[in-house]
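Notes follow once the structure below has been shown.
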Amino acid sequence: MSNENLTEFKDRMKAARECRGLSKTALAKKLNVSDAYIGQLEAGKKDNPSDIFIRSLATELKVNSVWLKTGLGRMELEEPLVVEEEHAGWVKMSPLIRQVVEIMSCMSEEHQQEVLHQVVREYKIYQAEQKLPIEEKLLRSAEEAQRQKEKALKDLANGELPAEEPKEQLPVDGSLPMKKPTTLLEKDLK
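Just so we're aligned, residue 1 is where the sequence shown starts under UniProt numbering, counting upward by one.
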């Protein structure tokens, strides 16, 4: 296949997919991504897929990943595939993790480090909270309830009344309000 008129990633991707005789759906399935994502890439509506994704795509399409990404070199592979493990890792990733990889591939290395450090900090906090014994969780809950009770008492002492539930209004015609009939289950719950 000629490299003429394949100056954009979207064109190289489509040409390689068609050369392999794969539909967008079949390729999406092999890469564990949505058909829509493949369509967006080929339409040029999605830019800058990650290097890991491009290598996985090149592996599936059996083309040179440098050519696929940049248009440089030959389309055909000149050496055996050396990215099989990396490709397998990409396919096994959850969609959310793949999305994070895609987003982070557009960041500077310094920004990537900042984001990763923040994720690690948040995870450590989450882990610590999960390891709390049930007694400590109950104690924290009781302390919060006590604080709310003390605040309500303080408000009362300052003359502030707690919000009351709205009282049932009598109809304008003076008749007594009808009570909603209760079911057997509702009676049992009371």
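Note that the Cβ used here is the ideal one computed from N, Cα and C, for glycine as well.
Measuring alpha carbon to alpha carbon, tell me which of the options ends up nearest residue i.
i: residue 56; options: 15, 110, 45 and 68; result: 68
i: residue 98; options: 52, 72 and 108; result: 52
i: residue 13; options: 152, 43, 140 and 155; result: 43
Taking the beta carbon of residue i as the centre, do at least 16 other beta carbons fall within 10 Å, making it buried, or is it exposed?
i: residue 134; result: exposed
i: residue 82; result: Legend: pLDDT at residue 82 = 46, less than 50; position of this residue unreliable, value from coordinates given subsequently. It counts as exposed.
i: residue 59; result: buried
i: residue 37; result: buried
i: residue 54; result: buried
i: residue 49; result: buried
i: residue 1; result: Any reading at residue 1 needs caution, since the residue's pLDDT is 47, under 50, leaving its predicted position unreliable; the model's value is listed next. Flag for residue 1 reads exposed.
i: residue 107; result: exposed
i: residue 64; result: buried
i: residue 74; result: exposed
i: residue 31; result: buried
i: residue 119; result: exposed
i: residue 27; result: buried
i: residue 17; result: buried
i: residue 142; result: exposed
How is residue i classed by DSSP in three states: helix, strand or coil?
i: residue 49; result: coil
i: residue 133; result: coil
i: residue 12; result: helix
i: residue 59; result: helix
i: residue 33; result: coil
i: residue 106; result: coil
i: residue 160; result: coil
i: residue 7; result: coil
i: residue 94; result: coil
i: residue 71; result: coil
i: residue 27; result: helix
i: residue 77; result: coil
i: residue 140; result: helix
i: residue 116; result: helix
i: residue 39; result: helix
i: residue 17; result: helix
i: residue 22; result: coil
With residue i and residue j assumed to form a contact (beta carbons below 8 Å), what rounded beta-carbon distance in angstroms separates them?
i: residue 62; j: residue 77; result: 6 Å
i: residue 39; j: residue 29; result: The pair is not a contact, with the Cβ atoms about 14 Å apart (cut-off 8 Å).
The ligand FAD heavy atoms versus the CB of residue i: any closer than 7 Å?
i: residue 16; result: This structure simply doesn't include the ligand FAD, nor any ligand for that matter.
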